[in-house]
Amino acid sequence: MSEQIGVTGLATMGASLARNFARHGHQVVAHNRTTARTDALLAAHGGEGDFVRAETMEEFVAALQRPRRVMIMVQAGPATDAVIDELVPLLDEGDVVIDGGNARYDDTIRRAAALSTTGLHFVGCGVSGGEEGALLGPSIMPGCSAEAYALVGPMLESIAAVVDGTPCCTHVGSDGAGHFVKMVHNGIEYADMQLIAEAYDLLRLRLGMTPAEIGEVFAGWNAGDLESYLVEITAEVLGHVDAGTGRPFVDVVMDAAEQKGTGRWTVQSALDLGVPVSGIAEAVFARALSGHAEQRAAAQKVLAAPAGGGADIEDRDGFVEAVRQALYASKVVAYAQGFDQIAAGAVAHGWSIDLGALATIWRGGCIIRARFLDRIRQAFADEPDLTTLLTHSYFRDAVADGQEGWRRVVVEAARSGIPAPGFASALAYYDGLRAERSSAALIQGLRDFFGSHTYHRVDRAGSFHTLWSEEGRREITAR
Ligand code: NDP
């Protein structure tokens, strides 16, 4: 299949995607606001396929056959709106505009609605995999109408990563669905990296292992259930030595994690949806804490460490294995929470999202690609109505098998004063989920006491209120 596509925005991602399309035999009409970027791409890689150079937006549109397919790869936010505003008057009914940037899903819903009044199709397309993925095969999450997917889906599938013969691209749902799942994908990525960082910190601080030694441990873990891109590159980063100083690379990097916003958006959305994505939230907050340099500097001088913490750990291998178990179990929780958020988002926005298909397209190309995602795909295939991944037999047993190690690690972290918010909150979520009675009954009582908010009883239907200030505290039926 050889088709034609226009790509506007030829920075890191746009240039790589354009090359990927060209390498797959598609004709690529290439455009960038600053023409020098277009020329640089064509000079360096023009020989890789059939490129057409467009200097102006008018030239760009004129070079495309109808129905035109235009992929926008510019900065998310106002820049994307500016490009859409410039493009729309030049396009014709039936043409397709694909936004492959990291747009907020609510912006995508707004843009799709606006474009539908002009007869144009709009595809909000999540793309994951960074520069390398974009070039060699990303995971692609398009949100659009079925009609639009018929026009662009095959092309997108042709450049996506492939796992077990299946392309890592699927029609996720309508309008903002693709960018919504890309957002949650990034949120899960935050949680995954936080858990990896906690595992590293514990091995380093509790066992005194060097970064290179810990890198070896991660390389070993990558041969088992934890096999994933992030664990693989953790081994690489930990093994890297700074050429200038000869010190481990991680020791010369400032310990303040930055963020571009998708983790924060995920948590904001989860708060609105009422879905407890504690793993992602802890990861976003941990990054924020790492950046509070002044508070950290002040606190380091005066806040007490635990007395008597940090005695030598005798069974070092046992502790390493416990950390592996904590990492795996916490990861299961983080993914379960992320999939819960997608399910809730789908209900709230009327999207029909196939969670198993999503796990399938995240097996390759994207940053969270992992062996683990095949297990998730299988879990949804086994039980399409699964209420939480944690109750599927595979994950239930995997977490049960590792829970002693997980608990040991959380206790050890608390006792020795090493922050492990990801491990600890994942465990609290797990215990909260399986508790027969939650402490929320007391919260309902307190709410009724101070705010007459009413409560339900375990033994009778209806809403009730206790007249707390009355003698005898009579209970009445509330409306
Ligand atoms: P950047 O986000 O750095 O954006 C630079 C591009 O945007 C340039 O082509 C620039 O044109 C163009 N641009 C900026 N403002 C305007 C404007 N007002 N009008 C026209 N063009 C404009 O590029 P990336 O390649 O890193 O990312 C592209 C998109 O892909 C972004 O939305 C990003 O969030 C998303 N993304 C990025 C990933 C990554 O790993 N980097 C991964 C997945 C998605 P000019 O050259 O003229 O300045």
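Heads up: the sequence shown begins at -3 in our numbering, then just goes up one per residue.
Glycine is no exception: its CB is placed at the ideal position from the N, C-alpha and C atoms.
Relative to the Cα of G341, the nearest Cα in the group V57, Q23, W261 belongs to W261.
Distances from the alpha-carbon of D46 to those of L37, V227, Q23 put Q23 closest. For V280, the shortest C-beta to heavy atom distance toward ligand 1 is 7 Å or greater. Shortest gap from the CB of V168 to any heavy atom of ligand 1: 7 Å or more. Here S459 has T450, A474 as same chain residues with Cβ atoms under 6 Å from its own Cβ, once five neighbours each way along the sequence are excluded.
A distance criterion of 7 Å places the beta-carbon of E143 beyond contact range of ligand 1, judged by its closest non-hydrogen atom. Taking C-beta atoms as the reference points, M179 and S265 count as a pair closer than 8 Å. In the displayed model, G2 falls within a strand according to three-state DSSP. In the three-state reduction of the DSSP assignment, I94 falls in the strand class, which pools E and B. Going by C-alpha positions, E212 is about 11 Å away from Y196. Between A332 and T258, the C-beta gap is not smaller than 8 Å, which leaves the two residues out of contact.
Residue pairing from DSSP places H461 in a beta bridge opposite I472. When the Cα atoms are used, V119 and T113 turn out to be separated by approximately 14 Å. Pairing D444 with E471, the inter-Cα distance amounts to about 11 Å.
V66 is bridged by DSSP to G2, V93. For A266, the uninterrupted alpha helix (DSSP H) run begins and ends at 258 to 269, by DSSP.
Residue state for T162 is assigned as strand, using DSSP reduced to three classes.
For G441 and M189, the gap between their C-alpha atoms comes out near 39 Å.
Within 7 Å of the C-beta of R62 there is not a single heavy atom belonging to ligand 1.
Relative to ligand 1, the nearest heavy atom lies less than 7 Å away from the CB of R29.
L369 and A109 have their C-alpha atoms spaced approximately 33 Å apart.
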